[in-house]
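Residue numbers (my numbering): 79 to 356. Glycine included, C-beta positions come from ideal geometry on N, C-alpha and C.
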Amino acid sequence: KSETNKRAIMKLAIVAASLSSLCVVEGFSVYSSSQYQQSSVVTHPTSDEPRQQHQLTALSAKASAKKGKNKKSGGGFGGGGKSGGFGSKTSADNTQGKVRSVSGYTGSGTKPLRVAANTFDAIRKKYGKDASSDIYVRTLVNDSSTFWFVGKLARRTDLEDPDMRGETIPTEMEAALSQKRLIFEYAKKLRPQNLDGPYAKDLELWLAPPDSELDVVQNKVSLIKVMGSTKDISDSFSVADVGYNPEIYVGDEVNEGGLRVTRDNEGHPVKAVFEIND
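This is the structure:
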């Protein structure tokens with residue numbers, strides 16, 4: 079138990095450091111991949127218990143948090159005013175509420191990331207893992223056979239849900255496309271050694287079944303490429319109905335990297351299935 083508490087404290091420090099201008103992260107859920115290993119690439123689970131959810135709150139004295147919520151806006155895009163992080167201030171609602179995005183300049187990345195994380199937490203609590211998807215990113219410029227785990231998506235799947243803002247249930251692809259830019263920006267900060275700078279030009283987003291990290295590591299699951307653009311998102315879709323839980327690196331992962339797997343250009347495993355001994 080003490081080890082778990084230490085890990086939660088370490089993750090809190092990482093969140094606070096990487097999102098220094100974030101005013102408040104309420105109910106921020108972290109489903110870390112650091113428990114998995116395939117040779118020197120990933121770490122295997124230390125127990126059979128489900129991965130623990132840590133409730134993290136990051137505070138900044140730089141600005142006061144605005145607690146009011148505009149349910150129609152889908153969370154907004156700008157950090158508002160003088161917030162830091164990645165991205166710059168943009169309009170509160172982009173592409174008519176269909177996209178959660180950042181502009182790439184210092185300023186706006188923190189608020190949409192906070193909103194996305196809080197939305198993921200609420201959806202996950204209500205719907206469970208079945209409404210989620212695991213997310214991987216690869217770059218065609220660096221090592222195109224390496225796919226980096228960067229977090230999870232969640233989407234509302236019940237039109238009777240009082241929190242539903244769109245008129246249709248978001249598809250898995252819509253949930254990914256609507257947050258693709260935000261995920262890419264975060265992925266570049268998570269693993270700049272492989273995904274940022276000269277390697278950021280040709281990034282791709284790939285999906286896997288919910289909570290399938292171990293199956294992916296054991297080459298039991300193929301990844302599915304996210305295709306299309308925001309033009310393919312339905313006009314009845316609302317970005318407020320989807321969330322994103324970012325992966326966070328702790329300890330050695332910061333320098334060595336976290337969960338990543340090898341796949342071919344179709345997302346299929348290149349090696350045979352194997353089992354991990356306890």
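Report the three-state DSSP secondary structure of residue i (helix, strand or coil).
{"i": "ASP212", "result": "strand"}
{"i": "ALA194", "result": "helix"}
{"i": "ARG178", "result": "coil"}
{"i": "LYS298", "result": "coil"}
{"i": "ASP317", "result": "It should be noted that the sequence gives Val, not Asp, for residue 317. Helix at VAL317."}
{"i": "ALA286", "result": "strand"}
{"i": "ASN333", "result": "helix"}
{"i": "ASP342", "result": "coil"}
{"i": "LYS303", "result": "strand"}
{"i": "TYR327", "result": "coil"}
{"i": "ILE354", "result": "coil"}
Taking 6 Å as the limit between beta carbons, can you name the residues of its chain near residue i, skipping five residues before and five after?
{"i": "GLY244", "result": "SER314, PHE315, SER316, ASP319"}
{"i": "ASN272", "result": "ASN220"}
{"i": "SER300", "result": "GLY345, HIS346"}
Using a 10 Å radius around the Cβ and a threshold of 16 neighbouring Cβ atoms, would you call residue i buried or exposed?
{"i": "GLU331", "result": "buried"}
{"i": "VAL228", "result": "buried"}
{"i": "ASP212", "result": "buried"}
{"i": "ARG341", "result": "buried"}
Excluding the five sequence neighbours on either side, which residues of its own chain have a C-beta within less than 7 Å of the C-beta of residue i, listed in chain order?
{"i": "LEU260", "result": "ARG178, SER179, VAL180, PRO190, LEU191, ALA194, TYR322"}
{"i": "LEU237", "result": "ILE247"}
{"i": "LYS303", "result": "GLU282, TRP284, GLY345"}
{"i": "PHE352", "result": "GLN296, ASN297"}
Return the residue from the list the options that minimises the CA-CA distance to residue i.
{"i": "ARG233", "options": "ALA200, ARG341, ALA265", "result": "ALA200"}
{"i": "VAL294", "options": "GLU238, VAL339, GLY206", "result": "VAL339"}
{"i": "LEU292", "options": "ASP342, LEU337, GLY345, SER223", "result": "LEU337"}
{"i": "LYS298", "options": "LYS207, VAL348, GLY306, GLU263", "result": "VAL348"}
{"i": "GLU252", "options": "ASN343, ASN196, ASP342, SER312", "result": "SER312"}
{"i": "MET305", "options": "LYS204, GLY206, THR224, LYS258", "result": "LYS258"}
{"i": "GLU250", "options": "ASP239, ASP208, VAL328", "result": "ASP208"}
Can you list, in chain order, the residues of its chain whose CB lies under 8 Å from that of residue i, leaving out five sequence neighbours each side?
{"i": "ASP274", "result": "LYS266, LYS267"}
{"i": "SER307", "result": "LEU255"}
{"i": "THR217", "result": "ASN272, LEU273, TYR277, ALA278, LYS279, ASP280, LEU281, GLU282"}
{"i": "THR224", "result": "ARG216, ASN272, ARG338, VAL339, THR340"}
What runs of the alpha helix (DSSP H), each 4 residues or longer, lie entirely inside the region 210-294? 250-255, 258-268, 270-273
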